[in-house]
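Residue numbers (the working numbering): 652 to 986.
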């Protein structure tokens with residue numbers, strides 16, 4: 652099959668491309684290679700992918716509507732996996748305009764291209780951040796998510812609404828995946844796993860927000876990718892028992908689905924740090940700080956729908972996952 656993967660130079664995009672080409676699919680990857688974080692890491696990911704002739708890369712921004720349209724006309728894609736986005740909860744507090752351009756305007760361009768080119772399935776990245784002020788644990792796709800607390804979360808919620816509109820109006824199968832704190836080799840430098848490892852190995856202090864009283868459903872990258880691949884191979888279908896008088900937020904009478912992809916096993920920030928210290932073999936210098944604007948105290952994924960529909964089962968615990976990440980980090984950065 653032939654897939655378009657947006658955000659191909661990103662953390663999750665890189666691993667998805669790698670898995671698709673390893674199983675024999677042809678992948679067209681696009682990315683704008685922005686400088687939100689060190690571009691040398693993005694270049695290194697692309698260098699790995701380019702080894703395989705089944706991978707082709709184009710430097711394109713999602714906001715470049717004409718180039719996106721031309722790409723779809725040139726290639727008859729079987730499916731589209733949209734992972735390109737401006738990431739980061741805290742960054743969205745100070746740079747809101749970037750999120751509208753990339754996550755809203757850019758996503759609209761993808762939807763329009765899918766609509767006009769008879770794409771069989773659009774799978775796109777949402778986020779656990781959409782749960783916002785919802786305190787009901789574990790987070791369920793059947794819960795209302797109308798109270799985001801960051802523009803990043805609002806942009807991801809908007810993607811889900813936009814996708815539903817296109818599924819309803821144009822019968823375009825769309826599936827949104829709410830990722831829960833993804834970590835692992837080749838990870839993003841702005842995420843806790845990377846930030847903490849870098850600081851600890853350099854003997855610098857780490858920022859521990861909310862005095863460490865946080866919990867995250869840390870999910871290893873291989874488990875995330877397995878979920879994505881299973882979903883993309885099975886286009887969303889209408890829920891024929893969907894009731895407009897009692898609407899279910901996670902499904903629809905249109906070919907539209909939402910799923911959580913998490914580990915279903917939250918880990919406290921304190922335990923996360925202590926496990927990381929053990930794997931690195933060094934103690935962290937901790938600087939305790941209050942909860943930051945836009946942050947939530949805990950995340951916890953209800954993955955029953957993904958489990959029931961696709962047999963999804965995360966297999967990597969936090970100790971094994973951090974061991975693999977630290978090994979990669981030390982090799983890549985020659986620590």
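Think of the CB as a built atom: it goes at the ideal place given N, C-alpha and C, for glycine as much as any other residue.
- Between the alpha carbons of residue 798 and residue 811 lies a gap of roughly 14 angstroms.
- Under DSSP, residue 983 forms no beta bridge with any residue.
- Proximity of the region 818-828 to the region 909-919 meets the contact definition, three or more beta-carbon pairs being nearer than 8 angstroms.
- Here the C-alpha atom of residue 775 lies approximately 36 angstroms from the C-alpha atom of residue 935.
- For residue 784, same chain residues with a beta-carbon under 7 angstroms away, outside a window of 5 residues either side, are 798 and 800 in chain order.
- Ranking 855, 719, 979 and 727 by CA distance to the CA of residue 758 puts 719 first.
- DSSP places residue 868 outside any alpha helix (DSSP H), giving it a letter other than H or E.
- For residue 775, the enclosing beta strand (DSSP E) covers residues 773-778.
- Distances from the CA of residue 835 to each of 787, 874, 857 and 699 were compared; the closest alpha carbon is that of 874.
- The beta carbon of residue 939 is closer than 6 angstroms to those of 859 and 862 in its chain, skipping five residues each way along the sequence.
- When the Cα atoms are used, residue 707 and residue 894 turn out to be separated by approximately 43 angstroms.
- Per DSSP, the beta bridge partners of residue 682 are 710.
- Considered as a whole, the region 857-918 harbours 907-912 as its complete beta strand (DSSP E) runs of no fewer than 3 residues, in chain order.
- For residue 677, the beta-bridge partners assigned by DSSP are 653.
- Sixteen is the threshold: when 16 or more other Cβ atoms of the shown chains lie within 10 Å of the Cβ of residue 697, as they do, the residue is buried.
- Distance check between residue 777 and each of 823, 831 and 728 places 831 closest, using alpha-carbon atoms only.
- Within the region 727-815, the complete alpha helix (DSSP H) runs of at least 4 residues fall at 740-745, 747-750 and 757-767.
- Take residue 773, set aside five residues on each side of it, and the residues of its chain with a beta-carbon closer than 6 angstroms to its own are 731, 765 and 825, in chain order.
- Residue 813 and residue 948 do not touch by the CB rule: their CB atoms are close to 29 angstroms apart, not below 8 angstroms.
- When DSSP states are grouped into helix, strand and coil, residue 671 belongs to the helix group.
- In the three-state reduction of the DSSP assignment, residue 969 falls in the helix class.
- DSSP lists 777 and 911 as the beta-bridge partner residues of residue 829.
- Here the alpha carbon of residue 854 sits roughly 43 angstroms from the alpha carbon of residue 956.
- At a Cβ-Cβ threshold of 8 angstroms, residue 950 and residue 868 count as neighbours.
- Collapsing the DSSP output to three states places residue 920 in a helix.
- The residue among 917, 790 and 688 with its C-alpha nearest the C-alpha of residue 967 is 917.
- Counting only the Cα atoms, residue 710 lies some 26 angstroms from residue 817.
- Excluding its 5 nearest sequence neighbours in each direction, residue 689 has C-beta neighbours in its own chain below 7 angstroms: 840, listed in chain order.
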